[in-house]
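Okay, so the sequence shown: first residue is 7 according to the working numbering, each after it adds one.
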Amino acid sequence: MKGLLKIKPNILIDGVLIIQLVLHICGEMFHWKSFFSSVYTITIGSIVAFLGLLIHIRCHKYHKKGHKTSDKIKTIVSSGIFLKIRHPMYLGLFMISWGLYIAWNFIVIIPVPILLSILLFFLAKQEEMFLIKKMGDSYKEYQKTVKWMFIPGII
Numbered sequence: 007m008k009g010l011l012k013i014k015p016n017i018l019i020d021g022v023l024i025i026q027l028v029l030h031i032c033g034e035m036f037h038w039k040s041f042f043s044s045v046y047t048i049t050i051g052s053i054v055a056f057l058g059l060l061i062h063i064r065c066h067k068y069h070k071k072g073h074k075t076s077d078k079i080k081t082i083v084s085s086g087i088f089l090k091i092r093h094p095m096y097l098g099l100f101m102i103s104w105g106l107y108i109a110w111n112f113i114v115i116i117p118v119p120i121l122l123s124i125l126l127f128f129l130a131k132q133e134e135m136f137l138i139k140k141m142g143d144s145y146k147e148y149q150k151t152v153k154w155m156f157i158p159g160i161i
């Protein structure tokens, strides 16, 4: 896992999401078996994925250097959704991945959103260790103020 974390996170995550999307398209084309498919799962999954995309895009209003190199980050973003959770961009990506899965829910694809969720968790932990080293006590104070990494009340 440590080798994967050396790749720029946005390249790694984009790659996984593109693979997931291609697998879903292949599943449609080749009629792969799904757990349960209905207009409801497609609608709910599409809404979850779309809301995840909106959250991720909206975060860039507050965190303009979100995809820049880490040495360019000079301040802790603590406004907007960053007041409630520390990693809303990753939350958006979780929602995109799981939304796509809910919409199509092909059995063979279940490892992709699970692996992406694990990857995002480890990336967030690595990012927090880096920010503690770079920002020191100010980031530790931010962690105390904003207790939740992804979902308030859960994690």
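Note that CB positions come from ideal geometry on N, CA and C, so glycine has one too.
Around the beta carbon of residue 28, fewer than 16 other beta carbons sit within 10 angstroms, so the residue counts as exposed.
Taking residue 109 as the centre and dropping the five residues before and after it, the same chain places the C-beta of 48, 51, 52 closer than 6 Å to its C-beta, in chain order.
Here residue 58 really is in contact with residue 101; their C-beta atoms are around 3 Å apart, less than 8 Å. When 115, 18, 63 are compared, the shortest CA-CA separation from residue 33 is found for 115. DSSP lists 40 as the bridge partner or partners of residue 112. Pairing residue 91 with residue 145 gives a Cβ-Cβ distance that is not under 8 Å. Burial is judged here by how many other beta carbons sit within 10 angstroms of a residue's own beta carbon; residue 19 has at least 16 and is buried. Per DSSP, residue 104 has no beta-bridge partner at all. Its Cα nearest to that of residue 35, the residue 112 stands out among 112, 16, 86. When C-alpha distances from residue 125 are compared across 139, 97, 158, 106, the shortest belongs to 97.
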